[in-house]
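One structure is given below, encoded as structure tokens.
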Amino acid sequence: MQQEGPGMSAAEDLPEIDCVIIGVNSEKTLERCIKSILSGSYPESKLHVVYSDGGSTDRSVSIARQFGQVQVVEMHPEYPTPGLGRNAGWRRGRSAYVQFLDSDTILDPEWLKAAIEAMRSPAVGAVRGYRKELHPERSFFNWIGDLEWNTAPGECDSFGGDVLVRRSALEESGGYDEELVGGEDPELSWRISRSGWKIIMLDALMTNHDLAMLKTSQYLKRSFRSGYAFAAVKRMISGSRSDFWKADWRRIVFKSSGFFVFSCLGFLLLLLLRNLSGLFFFFSFFAAGCAMLFSPRLFRVEKFMKENRLNRTDAKKYAWHCSLVVLPQFFGFIRFYYGLMFNKPLRNRRSALKTGLSTSPGT
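The sequence shown begins at 27 in the numbering used here and counts up one residue at a time.
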């Protein structure tokens with residue numbers, strides 16, 4: 027493992043950083059993201075901003091080009107992925123450190139200095155911080171995102187789309203997988219950790235974000251794709267016998283399949299018997315399925331209150347989410363294995379990709 031230090035803390039001795047932004051049809055949020063990088067406390071002369079565009083049909087590219095400090099990498103893949111964009115971005119630069127950002131994020135002014143300070147340890151390969159939602163009050167789904175983006179400070183096993191990574195760790199690992207439509211960040215995290223690098227979660231704000239998830243259909247689609255990602259990544263690392271995502275994989279498979287199997291058996295008996303006995307069996311099997319689905323998370327309200335610092339009402343809401351989200355995730359599992367069997371993987375369509383806002387920019 028290559029070892030290197032980030033330099034001294036004095037402004038003139040701070041190391042250079044490549045800031046890589048990825049986006050497709052991101053005209054609503056991109057300018058805000060770029061300005062947050064350039065207006066922070068890190069010396070602008072030490073920053074090299076790259077916007078990696080995945081084939082936008084809106085004004086994203088022209089917005090990025092308004093900034094003289096921004097290099098624009100234009101790609102027009104038939105099926106864009108986050109991995110394609112991030113790899114194109116970091117390979118364009120040469121700095122020892124790369125800060126990755128999604129175009130719908132706002133970088134905290136003090137983050138880069140804090141992250142570089144954490145890189146003083148040559149064993150650290152990646153540093154992440156808190157990603158906070160701008161409008162968690164606008165919807166239950168935004169609130170869930172705000173709750174689940176983060177983990178406890180200290181050494182951790184993965185990072186998301188916003189992270190500062192040592193270039194040598196990227197080079198050793200080979201960078202992002204360019205085919206995954208989800209889960210590419212944890213999958214790279216796993217490879218970086220396997221190479222001996224540490225991933226650190228700082229007790230500091232890294233980015234603000236607007237998930238802009240206001241509809242149930244958006245939530246179900248996101249959960250479906252997360253299930254697909256769980257299945258895809260777990261299969262990719264299956265030969266290593268790693269425990270990475272093992273517990274999540276089992277939770278989705280066993281809880282969802284148990285619920286559907288018991289419910290279908292009960293319904294089948296109801297159709298066959300067509301009497302009170304059939305009705306009794308239906309409710310009995312359905313209750314057994316619900317027990318598998320909701321236990322034990324629906325009954326861990328006190329645990330959620332303590333771990334997530336929630337009041338009882340919010341802890342109950344979170345418990346319902348944790349119990350029910352495995353259902354759309356399970357269909358994502360099925361979609362992955364269907365695609366694997368018939369060579370029809372899930373793909374991103376450029377026309378369907380865009381970033382939005384929870385409210386109009388003027389509000």
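Every residue, glycine too, gets a C-beta built ideally from N, C-alpha and C.
Counted as a single uninterrupted DSSP element, the alpha helix (DSSP H) harbouring Lys332 occupies residues 327-334. Per DSSP, Tyr68 is not a residue of any alpha helix (DSSP H), being assigned neither H nor E.
As summarised for the segment 76-155, the continuous beta strand (DSSP E) elements at least 3 residues long and confined to that stretch are 96-100, 123-128, 131-133, given in chain order. Excluding residues up to 5 positions away in sequence, Arg338, Ala341, Lys342, Ala345 lie with their Cβ nearer than 8 Å to the Cβ of Val327 in the same chain. Excluding the 5 residues flanking it on each side, Ala258 has same chain C-beta neighbours closer than 7 Å at Leu206, Gly209, Phe362, in chain order. Judged by DSSP secondary structure, Ala230 falls within the beta strand (DSSP E) whose first and last residues are 224-235.
Across the structure, Ala122 and Lys139 are spaced so that their CA atoms are roughly 14 Å apart. Bridge partners of Lys158 according to DSSP: Asn234.
A distance below 8 Å separates the beta carbons of Ile47 and Ser129. Counting only residues of its own chain and dropping the five nearest sequence neighbours on each side, Gln125 has a CB closer than 6 Å to the CB of Ile43, Cys45, Leu190. In the three-state reduction of the DSSP assignment, Val287 falls in the helix class. Here DSSP, grouped into helix, strand and coil, assigns Ile263 to coil. By the Cβ-count criterion, Lys332 is exposed, with fewer than 16 other Cβ atoms from all chains shown falling within 10 Å of its own Cβ. In the same chain as Ala90, and ignoring 5 residues on each side of it, the C-beta atoms closer than 6 Å to its own belong to Tyr77, Val96, Val98, in chain order. Cβ neighbours of Ser349 within its own chain (closer than 7 Å, five residues either side excluded): Leu319, Phe320, Arg323, Leu324. For Val191, the enclosing beta strand (DSSP E) covers residues 189-192. When DSSP states are grouped into helix, strand and coil, Glu210 belongs to the helix group.
For Gly358, the enclosing alpha helix (DSSP H) begins and ends at 352-368. Distance check between Arg146 and each of Lys247, Lys224, Val279 places Lys224 closest, using alpha-carbon atoms only. Taking C-beta separations shorter than 7 Å and ignoring five residues to either side along the sequence, the partners of Met262 in its chain run Glu213, following chain order. Contact between Gly155 and Leu231 is confirmed by a C-beta separation of about 6 Å, below the 8 Å threshold.
Using a Cβ distance threshold of 8 Å, Leu228 and Val153 count as a contacting pair. By the Cβ-count criterion, Glu159 is buried, with 16 or more other Cβ atoms from all chains shown falling within 10 Å of its own Cβ. Considering only Trp216, Ser184, Asn334, the residue with the shortest C-alpha distance to Ser199 is Trp216. As a beta-bridge residue in DSSP terms, Ile48 pairs with Ser78, Asp128. Relative to Gly49, the option among Phe307, Thr131, Arg157 whose CA is nearest is Thr131.
CA-CA distance, Arg112 to Gly315, rounds to 42 Å. DSSP lists no bridge partner for Gly186. The three-state reading of DSSP puts Gly180 in strand, counting E and B together. Annotation for Phe167: the continuous alpha helix (DSSP H) segment containing it runs 166-174. A residue is called buried when at least 16 other Cβ atoms come within 10 angstroms of its Cβ; Thr381 meets this threshold and is buried.
Residue burial is scored here from C-beta neighbours: Phe280 has fewer than 16 other C-beta atoms within 10 angstroms and is therefore classed as exposed. Classified as exposed, Tyr364 has fewer than 16 neighbouring CB atoms from the shown chains inside 10 Å of its CB.
The C-alpha of Phe359 lies about 15 Å from the C-alpha of Gly284. DSSP places Ser321 in no alpha helix (DSSP H); its state is neither H nor E.
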